[in-house]
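J.: Here the protein sequences line up with chains Z and W, keeping their order.
Residues are numbered in the numbering used here as their position in the first sequence, beginning at 1, plus a constant of 418.
Residues are numbered in the numbering used here as their position in the second sequence, beginning at 1, plus a constant of 418.
Got a structure for you, questions after.
Protein chains: 2
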Amino acid sequence: MKFFSFWRSLASFRVRCGLYLKGLTPSEVIDVNLMQGKQREEAFRKINPMMAIPALIENDGNVLFESLAILEYLEETHPNPPLLPKTPKARARVRALSQIVACDTHPLIVPRVREFLAHEYKVDEAGVQKWGHHWHEAAFKALEANLSGSKETGRYCHGDQITIADICLAGNAVGAFYFKCDLTPFPTVRRIVDLCWQNEAFARAHPLKQPGAPAAA
Amino acid sequence: MKFFSFWRSLASFRVRCGLYLKGLTPSEVIDVNLMQGKQREEAFRKINPMMAIPALIENDGNVLFESLAILEYLEETHPNPPLLPKTPKARARVRALSQIVACDTHPLIVPRVREFLAHEYKVDEAGVQKWGHHWHEAAFKALEANLSGSKETGRYCHGDQITIADICLAGNAVGAFYFKCDLTPFPTVRRIVDLCWQNEAFARAHPLKQPGAPAAA
Chain Z
419 MKFFSFWRSL ASFRVRCGLY LKGLTPSEVI DVNLMQGKQR EEAFRKINPM MAIPALIEND
479 GNVLFESLAI LEYLEETHPN PPLLPKTPKA RARVRALSQI VACDTHPLIV PRVREFLAHE
539 YKVDEAGVQK WGHHWHEAAF KALEANLSGS KETGRYCHGD QITIADICLA GNAVGAFYFK
599 CDLTPFPTVR RIVDLCWQNE AFARAHPLKQ PGAPAAA
Chain W
419 MKFFSFWRSL ASFRVRCGLY LKGLTPSEVI DVNLMQGKQR EEAFRKINPM MAIPALIEND
479 GNVLFESLAI LEYLEETHPN PPLLPKTPKA RARVRALSQI VACDTHPLIV PRVREFLAHE
539 YKVDEAGVQK WGHHWHEAAF KALEANLSGS KETGRYCHGD QITIADICLA GNAVGAFYFK
599 CDLTPFPTVR RIVDLCWQNE AFARAHPLKQ PGAPAAA
């Protein structure tokens with residue numbers, strides 16, 4: 419299994435974390451340097467025309483892309499340990515919390531969007547930082563309201579087992595670090611994120627632990 | 419079942435279309451006027467702290483939000499007719515195509531983002547139009563490359579049955595209409611979208627067919 423990823427990519431983190439939680443290790447990790455625009459080069463474009471990472475190529479040549487689609491695939495093909503709860507209602511809540519991050523937040527702060535803001539509207543570095551900060555904060559407000567207000571919340575986002583929602587939440591906390599968004603106003607979020615990083619798979623998958631990450635980031 | 423929606427909302431369209439395809443009709447439709455900022459009012463904020471539509475409240479009080487999470491829930495609770503194929507690989511492809519729209523594209527053009535561009539960076543109306551046009555075009559380029567290059571593509575995005583990918587694709591075509599993005603360079607996309615609108619559920623769910631939509635939009 420070939421895994422196309424980049425240390426800083428939060429979508430790559432989500433899949434890396436899911437792989438590790440399922441006890442899977444890619445046979446090859448291919449670095450797609452987003453800061454150098456490698457995702458737009460012909461070779462990668464053939465794999466994922468959306469020019470986004472992560473992507474996975476299985477040994478039989480099957481190509482997978484989009485982080486949540488890959489996580490659902492891993493869940494269907496490697497059901498243990500489960501990363502989704504059993505009942506449709508619980509699954510819907512976990513997916514919705516995940517999508518607050520993976521749909522409503524993270525796609526707004528990826529390189530192509532930050533570059534478009536800078537080139538098209540001449541938004542400066544501080545303005546781009548504000549953009550990233552704003553959308554992370556909006557997500558954490560919504561997540562904190564849901565997590566602190568729901569009796570379904572346990573040690574983790576949903577009950578006492580790790581789910582895809584925890585993976586997404588932890589990834590958003592890394593994004594908050596990139597954009598200097600303080601988690602203090604969001605105690606439930608912070609409690610769960612802190613617990614996630616104590617898990618070995620999360621710790622190993624952390625963006626700042628990957629090859630190429632700055633030592634003092 | 420109470421359905422919180424707005425005529426123009428493409429995420430509401432996705433769920434409305436899924437409901438109709440499954441033969442379901444909400445007992446009550448509550449208009450959340452995004453142009454008047456009704457999604458940010460206290461009453462709706464309690465239902466979905468992300469302040470986004472659609473949301474569904476079931477008869478037992480269960481709250482559902484995030485369009486793709488709701489569609490997966492409908493699939494699990496009302497499996498016929500199916501809106502996802504059977505095999506994990508096929509499901510992964512359908513979900514990935516759906517997420518090009520519902521994660522990578524649509525969240526960029528929702529009211530809160532357009533308003534932030536206008537207020538924070540003083541982007542004028544033409545600049546906001548360009549933004550919407552740019553992200554729709556990027557999605558259609560990726561979708562056309564995948565759809566035209568895959569032997570899995572049939573009459574619809576995946577084979578000859580309607581899936582969630584077709585719902586997302588048709589919604590993106592409505593977004594293209596809002597932002598004057600020409601579909602001519604994307605013949606496979608256009609062929610499938612045209613076929614979707616011939617389906618009664620799609621036609622009934624079309625944003626411009628909902629109460630409140632402008633007659634000559």
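All residues carry an ideal CB built from backbone N, CA and C; glycine is no exception.
1. Applying the 10 Å Cβ sphere with the 16-neighbour rule, what's the burial state of M468/Z?
2. Please state whether DSSP places L442/Z in a helix, a strand or coil.
3. Provide the residue(s) that pair with V447/Z in DSSP beta bridges, ordered along the chain.
4. If you check the beta carbons only, do S485/W and A429/W fall under 7 Å apart?
5. Which runs of the beta strand (DSSP E) at least 3 residues long sit entirely within the region 511-555 of chain Z? Give them in chain order.
6. Taking DSSP as the reference, what is the three-state secondary structure of T571/W?
7. Please classify Q457/Z as buried or exposed, where buried requires at least 16 neighbouring CB atoms within 10 angstroms.
8. What do you get for Q628/Z, buried or exposed, if any count of 16 or more other CB atoms within 10 angstroms of its CB means buried?
9. Are the beta-carbon atoms of P525/W and C521/Z separated by less than 7 Å?
10. Taking A583/Z and S516/Z to be in contact with their CB atoms under 8 Å, please state how far apart those CB atoms are, rounded to whole angstroms.
11. Taking 7 Å as the threshold (C-beta atoms), are F424/Z and V447/Z in contact?
12. Quick check: the region 486-493 of chain W against the region 497-514 of chain Z, are there 3 or more CB pairs under 8 Å?
13. Below 8 Å CB to CB, which residues in the same chain sit around R573/Z once its five sequence neighbours on both sides are set aside?
14. Of all the options A508/W, K464/W, R463/W and R434/W, which has the alpha carbon lying nearest to the alpha carbon of L626/W?
15. So if I threshold CB-CB distances at 8 Å, which residues from the region 536-555 of chain W count as touching chain Z?
16. What's the gap between the Cα of R432/Z and the Cα of K569/W?
17. Should the region 543-560 of chain W be called in touch with the region 582-599 of chain W, which here means at least 3 C-beta pairs below 8 Å?
18. Apply the 10 Å Cβ neighbour rule to S427/Z and answer buried if 16 or more other Cβ atoms are within range, or exposed otherwise.
19. Counting only the same chain and skipping the five closest in sequence on each side, list residues whose C-beta sits under 6 Å from that of F421/Z.
20. Out of N466/W, T581/W and N480/W, which one is the CA nearest neighbour of K507/Z?
21. Name the chain W residues that come within less than 8 Å of L526/Z, Cβ to Cβ?
22. Considering only the alpha carbon of each residue, which of A536/Z, I518/Z, E618/Z and F483/Z lies closest to F462/Z?
23. Excluding the five sequence neighbours on either side, which residues of its own chain have a C-beta within less than 7 Å of the C-beta of R608/Z, listed in chain order?
24. Kindly indicate which residue of A621/Z, A588/Z, A633/Z and P632/Z has the alpha-carbon position closest to the one of I518/Z.
25. Under 8 Å between beta-carbons, which chain Z residues line up against T495/W? List them in chain order, please.
26. Please compile the residues from chain W whose C-beta is within a distance smaller than 7 Å of the C-beta of A563/Z.
27. Could you tell me which residues DSSP puts in a beta bridge with G577/Z?
28. Using a cut-off of 7 Å between C-beta atoms, extract the partners of R622/Z located in chain W.
29. Tell me where the beta strand (DSSP E) around F597/Z begins and ends.
30. Answer with yes or no whether the minimum CB distance from Q517/Z to chain W is below 7 Å.
31. What residue does the beta strand (DSSP E) around I475/W start on, and which one ends it?
32. So, does the CB of N480/Z fall closer than 7 Å to a CB anywhere in chain W?
33. Quick check on the DSSP output: the beta strand (DSSP E) that includes F462/W runs from which residue to which?
34. From P503/W to L561/Z, what distance separates their C-alpha atoms?
35. Just tell me which of L535/Z, Y539/Z, A563/Z and K464/Z has its CA closest to the CA of K464/W.
T.: On the basis of the coordinates in this document:
1. Walking along the first sequence from the start, residue 468/Z turns up at place 50. It is buried - the Cβ of M468/Z has at least 16 other Cβ atoms within 10 Å.
2. Within the first sequence, the letter at position 24 stands for residue 442/Z. L442/Z: coil per DSSP, three-state reduction.
3. Translated into positions along the first sequence, residue 447/Z becomes position 29. V447/Z is bridged to F421/Z.
4. Taking the second sequence and counting its residues from 1, one reaches residue 485/W at position 67. Taking the second sequence and counting its residues from 1, one reaches residue 429/W at position 11. Going by C-beta atoms, S485/W is nearer than 7 Å to A429/W.
5. none
6. As a working note, residue 571/W is residue 153 in the second sequence. Three-state result, T571/W: strand.
7. Residue numbering aside, residue 457/Z sits at position 39 when the first sequence is read from its first letter. Q457/Z is buried by the Cβ-count criterion.
8. Stepping through the first sequence from its first residue, residue 628/Z is reached at position 210. When all chains shown are included, Q628/Z counts as buried.
9. Sequence index remark: in the second sequence, residue 525/W carries index 107 (1-based). Sequence index remark: in the first sequence, residue 521/Z carries index 103 (1-based). Going by C-beta atoms, P525/W is nearer than 7 Å to C521/Z.
10. One-based indexing of the first sequence puts residue 583/Z at position 165. One-based indexing of the first sequence puts residue 516/Z at position 98. About 5 Å separates the two Cβ atoms, so the contact holds.
11. Taking the first sequence and counting its residues from 1, one reaches residue 447/Z at position 29. Taking the first sequence and counting its residues from 1, one reaches residue 424/Z at position 6. It is not a contact, given that the beta carbons lie outside the stated cut-off.
12. yes
13. Start at 1 with the first residue of the first sequence, and residue 573/Z comes out as number 155. Only I610 and L613 meet the Cβ criterion.
14. Your numbering for residue 626/W matches position 208 in the second sequence. Out of A508/W, K464/W, R463/W and R434/W, R434/W has the C-alpha closest to the C-alpha of L626/W.
15. E538, Y539, V541, G545, K548, W549 and H552
16. Mapped onto the first sequence, residue 432/Z falls at position 14. Mapped onto the second sequence, residue 569/W falls at position 151. C-alpha separation (whole angstroms): 29 Å.
17. yes
18. Taking the first sequence and counting its residues from 1, the one referred to as residue 427/Z is at position 9. With 16 or more other Cβ atoms within 10 Å, it is buried.
19. Taking the first residue of the first sequence as position 1, residue 421/Z is located at position 3. Answer for F421/Z: P444, V447 and L474, listed in chain order.
20. In the first sequence, counting from the first residue as 1, residue 507/Z sits at position 89. Ranking N466/W, T581/W and N480/W by Cα distance to K507/Z puts N480/W first.
21. The residue given as residue 526/Z occupies position 108 in the first sequence. In chain order: P525, L526 and V531.
22. Counting from one through the first sequence, the residue named residue 462/Z turns up at place 44. Ranking A536/Z, I518/Z, E618/Z and F483/Z by Cα distance to F462/Z puts F483/Z first.
23. To locate residue 608/Z, count along the first sequence from 1; it is residue 190. Correct list, in chain order: L601.
24. Your numbering for residue 518/Z matches position 100 in the first sequence. Per the Cα distances, A588/Z.
25. Within the second sequence, numbered from 1, the residue matching residue 495/W stands at position 77. Within chain Z, the residues near T495/W are P506.
26. Stepping through the first sequence from its first residue, residue 563/Z is reached at position 145. Per Cβ cutoff of 7 Å: P467.
27. Residue 577/Z sits at position 159 when you count from the first residue of the first sequence. Per DSSP, T571/Z.
28. By one-based count along the first sequence, residue 622/Z stands at place 204. Near R622/Z there are no residues of chain W at all, since even the closest Cβ is about 24 Å away, more than 7 Å.
29. Taking the first sequence and counting its residues from 1, one reaches residue 597/Z at position 179. No beta strand (DSSP E) contains F597/Z, which DSSP labels as neither H nor E.
30. The sequence position of residue 517/Z within the first sequence is 99, counting from 1. Chain W, which has a Cβ nearer than 7 Å to the Cβ of Q517/Z, makes this yes.
31. Locating residue 475/W in the second sequence gives position 57, where the first residue counts as 1. Unbroken beta strand (DSSP E) run through I475/W: A473 to I475.
32. One-based indexing of the first sequence puts residue 480/Z at position 62. For N480/Z, the answer is yes, since a Cβ of chain W falls inside 7 Å of its Cβ.
33. In the second sequence, counting from the first residue as 1, residue 462/W sits at position 44. Segment E460 to I465 is the alpha helix (DSSP H) holding F462/W; no beta strand (DSSP E) there.
34. In the second sequence, residue 503/W corresponds to position 85, counting from 1. In the first sequence, residue 561/Z corresponds to position 143, counting from 1. So the alpha carbons of these two residues sit roughly 31 Å apart.
35. To locate residue 464/W, count along the second sequence from 1; it is residue 46. Here the closest residue by C-alpha is A563/Z.
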